[in-house]
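Asks:
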Amino acid sequence: MAIACFNQELKTGTAPLRMFKALILDSHSLIPKIAPQGIKSIEIDTVDAEKLVCKYTLIMSDSAFNKIESVVYEVKFEASSDDGCICKMTSKYHVKAGVELKEEDIKHGKDKATGLYKVVEEYLAANPDAYA
Numbered sequence: 020m021a022i023a024c025f026n027q028e029l030k031t032g033t034a035p036l037r038m039f040k041a042l043i044l045d046s047h048s049l050i051p052k053i054a055p056q057g058i059k060s061i062e063i064d065t066v067d068a069e070k071l072v073c074k075y076t077l078i079m080s081d082s083a084f085n086k087i088e089s090v091v092y093e094v095k096f097e098a099s100s101d102d103g104c105i106c107k108m109t110s111k112y113h114v115k116a117g118v119e120l121k122e123e124d125i126k127h128g129k130d131k132a133t134g135l136y137k138v139v140e141e142y143l144a145a146n147p148d149a150y151a
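All the letters of the sequence shown, read from the start, carry residue numbers 20 to 151 under the working numbering.
(1) Less than 9 Å separating the beta-carbons of Y136 and L29?
(2) If I measure Cβ to Cβ from A151 and keep anything under 8 Å in the same chain, skipping five residues before and after, which residues do I get?
(3) Between A21, G32, F25, which lies nearest to F203 when the distance is taken from Cα to Cα?
(4) Tell whether a beta-carbon distance below 9 Å holds between Y142 and C24.
(5) Using DSSP's beta-bridge definition, name the partner residues of Y92.
(6) To which residues does DSSP link K30 through a beta bridge?
(7) If the criterion is Cβ atoms closer than 9 Å, does the pair K126 and N85 meet it?
(8) Based on the DSSP secondary-structure assignment, which residues constitute the bridge partners of F25?
(9) Going by beta-carbon coordinates alone, are V91 and K74 separated by less than 9 Å?
(10) With DSSP collapsed to three states, give me the class of V66.
(11) Output the distance between the C-alpha atoms of E122 and K129, rounded to the nearest integer angstrom.
(12) Am I right that L42 and V118 are in contact with their C-beta atoms under 8 Å? What's the rounded C-beta distance?
(13) Going by the CB atoms, is the gap between A68 and L44 shorter than 9 Å?
(14) Hey, would you say C104 sits closer than 9 Å to A54, going by beta carbons?
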């Protein structure tokens, strides 16, 4: 199985601790409610709640991801100067044997990750008391 590794940063207007609580600590409850499409399972591998760092494995059920076994994310949530958050993410795509990832596959994966973070950010904006 081949592994393709990528880094990206996402900026949100939500405080780092709220994003961390919603997206990581309560992902098993929140994500199926607000973004059930395409995600088969999320498994939290390691968490450091003090440093707002985690590693998790995402298994997609989306047919567009039929080339990928799983994606392992390492994420750090940092405060930004505008009271928001910068999510620094390393993604490791575990590609199925005999399959080659193309640029459009990678872009689709990045867009999917960005979309999930945006859905959580929108949920938190609409529910200001959630994870406060």
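By construction, the Cβ of each residue, glycine as well, lies at the ideal position given by its N, Cα and C atoms.
Replies: From the atom records:
(1) For this step, residue 136 is matched to residue 117 along the sequence shown. For this step, residue 29 is matched to residue 10 along the sequence shown. Yes.
(2) Translated into positions along the sequence shown, residue 151 becomes position 132. Same-chain partners within the cutoff: R37.
(3) Since the displayed the chain opens at 20 and closes at 151, residue 203 lies outside it and no answer follows.
(4) Sequence index remark: in the sequence shown, residue 142 carries index 123 (1-based). Sequence index remark: in the sequence shown, residue 24 carries index 5 (1-based). Cβ distance not < 9 Å, so Y142 and C24 don't count as in contact.
(5) The sequence position of residue 92 within the sequence shown is 73, counting from 1. Looking at the DSSP assignment, Y92 forms a beta bridge with Y75, S110.
(6) In the sequence shown, counting from the first residue as 1, residue 30 sits at position 11. BP columns for K30 point to I105.
(7) Working through the sequence shown from its first residue, we reach residue 126 at position 107. Working through the sequence shown from its first residue, we reach residue 85 at position 66. No, the Cβ-Cβ distance between K126 and N85 is not below 9 Å.
(8) Walking along the sequence shown from the start, residue 25 turns up at place 6. Bridge partners of F25: S110.
(9) Here residue 91 corresponds to residue number 72 of the sequence shown, with the count starting at 1. Here residue 74 corresponds to residue number 55 of the sequence shown, with the count starting at 1. Result yes, Cβ atoms of V91 and K74 sit closer than 9 Å.
(10) Position 47 of the sequence shown holds residue 66. V66 falls in the strand class under three-state DSSP.
(11) Here residue 122 refers to the residue found at position 103 when the sequence shown is read from its first residue. Here residue 129 refers to the residue found at position 110 when the sequence shown is read from its first residue. Roughly 11 Å between the two C-alpha positions.
(12) Reading the sequence shown from its first residue, position 23 is the one you call residue 42. Reading the sequence shown from its first residue, position 99 is the one you call residue 118. Their Cβ separation, rounded to whole angstroms, is 28 Å, which puts L42 and V118 out of contact at 8 Å.
(13) Taking the sequence shown and counting its residues from 1, one reaches residue 44 at position 25. Taking the sequence shown and counting its residues from 1, one reaches residue 68 at position 49. Here L44 is near A68, since their CB atoms are less than 9 Å apart.
(14) For the purposes of this step, residue 104 is taken as the residue at position 85 of the sequence shown. For the purposes of this step, residue 54 is taken as the residue at position 35 of the sequence shown. Their beta carbons are not under 9 Å apart, which means C104 does not touch A54 by this criterion.
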